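Participant: If you scroll down you'll find the structure; I have some questions about it.
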Amino acid sequence: MLWSTGLKYQSMSPKSSCIVRSTLSLILAIALSACGGSNPSDRLVEAASDAESSDEVQLVFKDITLEQGDNQGQLLWKVHAKSATYSEDRQIAIVEEPLGELYQDGKLVYRVEAKRGEVHQDGNLILLKDEIKAIAVEDEVVLEGNELEWRPHADVLIVHNTLTGSHPQVEAKADQAKVYSRLRQMELIGNVEAITHTPQLRMNTEHLVWLMKDRQVVGSVPLEVKHYEEEEATEQKLTDEPKTPPSHTALAGGSMVDLENESVTLMNQVTLTAANPALEAKSDSMTWDLKSQSVGANQKITLEHLDEQLTLVADRGTVDLANQVAHLTENVRVTGGRNQSDLSAENVTWSFGTEEVEATGNVTYRQVNPPVFLQGARAFGQLRDQNITVTSGDRTRVVTEIIP
């Protein structure tokens with residue numbers, strides 16, 4: 009290949025320099041002509057319109073196309089540049105205004121451009137700098153930043169230094185992104201902010217993995233997820249400050265956003281807060297369905313009504329955020345309120361908008377002031393006013409009203 013010619017020369021007079029230029033042009037013409045009969049994937053230089061010599065043992069090419077193939081003859085990359093300067097000592101080409109196509113397994117996977125870059129002789133590394141832009145062709149993801157690395161044998165494209173990414177479903181910014189073309193996977197690292205348009209979420213964390221083929225966004229470190237009303241979220245961009253507070257906010261140690269089914273799985277010390285009324289749901293694992301606006305937990309769940317100072321605990325439960333109703337099952341306990349009441353049952357349906365409650369299965373009710381203890385099969389009433397009716401069953405029809 010032309011890159012291994014090992015040409016060396018010294019500073020000469022202007023006249024001698026012209027002779028060297030002519031000689032170099034001839035050598036280049038012969039080299040390029042010889043390359044013309046070889047496999048195109050084995051050529052590094054396809055065409056050069058001009059070449060010049062300098063004291064620094066460099067070759068300068070204008071309007072040049074560089075390309076590199078693998079051992080099987082498949083194209084790895086092709087870069088066209090306004091100019092390229094080759095330094096044999098550094099074994100790299102410095103390119104200006106490069107436009108490139110990057111391939112994996114013979115398939116075009118990225119289109120790239122930048123202000124300047126470096127192409128290394130071994131063909132296993134391309135560096136681009138300043139105003140870089142990369143398009144993942146299959147998934148239509150556009151990445152922009154200030155530095156890019158392409159390592160074809162490792163199948164990784166790395167974008168450094170103020171990355172932003174855009175897609176019809178997801179927008180993101182981070183300190184760094186790593187994209188794997190075969191896996192169709194993108195890893196976002198450091199100061200990650202991302203929004204999804206369907207469902208309408210905004211996420212802040214230090215690490216996210218976007219599984220583009222599976223339409224999932226996965227987080228394995230602590231993160232904050234905010235959900236906005238539809239009319240707010242559809243208008244907002246990643247760079248915009250939201251005009252209104254989020255309708256729901258979740259904190260968790262990990263998450264998985266399913267873009268296809270519009271759901272979020274939250275894991276590890278999860279806290280989800282609803283704004284109106286002020287309700288907190290806590291569990292070690294929750295499934296948040298954005299379509300039905302509901303939250304479900306198949307393990308211990310705690311609900312706190314912050315305004316009324318009520319706490320509900322159960323082994324399992326679901327919360328209908330749209331209709332403001334919670335359905336709790338197994339070892340349910342409701343505590344707090346004005347009279348420090350304590351209600352326990354096997355099943356509880358609680359409307360946290362109206363404070364109405366219905367409990368069934370081994371119901372017990374305690375109250376501090378005045379002191380009361382009741383047992384029955386069913387209870388219903390209004391928690392805010394501490395007006396609870398407990399029945400012992402259909403046969404006895406025993407009803408007791410407790411009014412503070």
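Reminder that position 9 of the sequence shown reads as 17 in my numbering, one-by-one numbering, no gaps. Ideal placement from N, C-alpha and C gives every residue a C-beta, glycine not left out. No experiment lies behind these values; they were computed from the predicted model shown.
Are there 16 or more other CB atoms within 10 angstroms of the CB of ILE396, so buried, or fewer, so exposed?
Facilitator: buried
Participant: Quick one, are the C-beta atoms of THR316 and GLU363 less than 8 Å apart?
Facilitator: It is worth fixing the name first, because residue 316 is Glu in this sequence and not Thr. Yes, the Cβ-Cβ distance between GLU316 and GLU363 is below 8 Å.
Participant: DSSP on ALA89, reduced to helix/strand/coil?
Facilitator: strand
Participant: Using only the alpha-carbon positions, how far apart do GLY261 and VAL120 sit?
Facilitator: 35 Å
Participant: Using DSSP with H/G/I as helix, E/B as strand and the rest coil, what is ALA180?
Facilitator: strand
Participant: Measuring alpha carbon to alpha carbon, tell me which of ASP78, THR319, TRP158 ends up nearest ALA289.
Facilitator: THR319
Participant: Can you check which of these residues, THR372, HIS168, ASP113, is closest to ALA162 by C-alpha distance?
Facilitator: ASP113
Participant: Leaving aside the five residues before and after THR170 along the sequence, list all residues of the same chain whose C-beta is less than 7 Å from its C-beta, in chain order.
Facilitator: In its chain, beyond the 5 residues on either side, GLY153, ASN154 have a beta carbon closer than 7 Å to the beta carbon of THR170.
Participant: Select from VAL127, HIS175, VAL167 the residue whose C-alpha is nearest the C-alpha of GLU146.
Facilitator: HIS175
Participant: Near ASN306, which residues of its chain fall below 6 Å by C-beta distance, leaving aside the five closest residues on each side in sequence?
Facilitator: ARG324
Participant: Going by C-alpha distance, which of GLY304, ASP328, LEU382 is nearest PHE360?
Facilitator: ASP328
Participant: Rounded to the nearest angstrom, what separates ALA283 and GLU312 at their Cα positions?
Facilitator: 12 Å
Participant: Check the C-beta distance from GLY125 over to LEU136 and give it rounded, since I have them as a contact under 8 Å.
Facilitator: 4 Å
Participant: Assign THR397 to one of three DSSP states: helix, strand, or coil.
Facilitator: strand
Participant: If you drop the 5 nearest sequence neighbours on each side, which residues of the same chain put their C-beta closer than 6 Å to that of LYS234?
Facilitator: ARG210, PRO254, THR257
Participant: Hey, how far is the Cα of SER95 from the Cα of ALA101?
Facilitator: Whole-angstrom Cα-Cα distance: 7 Å.
Participant: Under 7 Å from any heavy atom of the ligand ATP, does the C-beta of GLY325 make it?
Facilitator: The ligand ATP is not part of the structure shown, which contains no ligands of any sort.
Participant: Classify GLU195: buried if its beta carbon has 16 or more other beta carbons within 10 angstroms, exposed otherwise.
Facilitator: buried
Participant: Hey, could you find the ends of the beta strand (DSSP E) THR273 is sitting in?
Facilitator: 271-282
Participant: Whole angstroms is fine: what's the gap from LEU191's alpha carbon to VAL333's?
Facilitator: CA-CA distance, LEU191 to VAL333, rounds to 41 Å.
Participant: Taking buried to mean at least 16 other C-beta atoms within 10 Å of its own C-beta, is GLY345 buried or exposed?
Facilitator: GLY345 sits buried, since 16 or more C-beta atoms from the chains shown fall within 10 Å of its C-beta.
Participant: If VAL342 sits next to VAL371, beta carbons under 8 Å apart, how far is it from one beta carbon to the other, in whole angstroms?
Facilitator: Going by Cβ atoms, the distance from VAL342 to VAL371 rounds to 11 Å, so no, they are not a contact pair.
Participant: Looking at the unbroken beta strand (DSSP E) that takes in HIS313, where does it start and where does it end?
Facilitator: 309-313
Participant: Helix, strand or coil for ALA144? Go by DSSP, reduced to three states.
Facilitator: In the structure shown, ALA144 sits in a strand (DSSP, three-state: E or B).
Participant: State the Cα-Cα distance for the pair ALA330 and SER300, rounded to the nearest angstrom.
Facilitator: Cα-Cα distance, rounded: 8 Å.
Participant: What is the DSSP secondary structure of HIS128, reduced to helix, strand or coil?
Facilitator: strand
Participant: Provide the residue span of the beta strand (DSSP E) that contains ASN199, from first to last.
Facilitator: Per DSSP, ASN199 belongs to the beta strand (DSSP E) from 193-204.
Participant: Hey, VAL414 and ASN347 are a contact pair by Cβ (cut 8 Å); roughly how many whole angstroms apart?
Facilitator: With the chain running from 9 to 412 in the structure shown, residue 414 is simply not present.
Participant: Taking the DSSP output, what are the residues bridged to TYR236?
Facilitator: Bridge partners of TYR236: none, in fact.
Participant: Under three-state DSSP, which class holds ALA286?
Facilitator: coil
Participant: Measuring only the C-alpha atoms, how far is ALA89 from TYR236?
Facilitator: Cα to Cα, the separation comes out at about 45 Å.
Participant: Can you tell which of VAL164, ILE309, GLN177 has its C-alpha closest to the C-alpha of THR337?
Facilitator: ILE309
Participant: Which whole-angstrom value is the C-beta distance of VAL149 and THR204, which I expect to be below 8 Å?
Facilitator: About 14 Å; that fails the 8 Å criterion.
Participant: Around the C-beta of ASP58, are 16 or more other C-beta atoms found within 10 angstroms, so that it is buried, or is it exposed?
Facilitator: Residue placement at ASP58 cannot be trusted, given a pLDDT of 43 that sits under 50; what the coordinates show is reported in the next sentence. With fewer than 16 other Cβ atoms within 10 Å, it is exposed.
Participant: Sort SER263, ILE166, ASP130 by Cα distance to VAL187 and report the nearest one.
Facilitator: ILE166
Participant: How long is the line joining the alpha carbons of ASP350 and THR357, rounded to whole angstroms?
Facilitator: The alpha-carbon atoms of ASP350 and THR357 are separated by roughly 15 Å.
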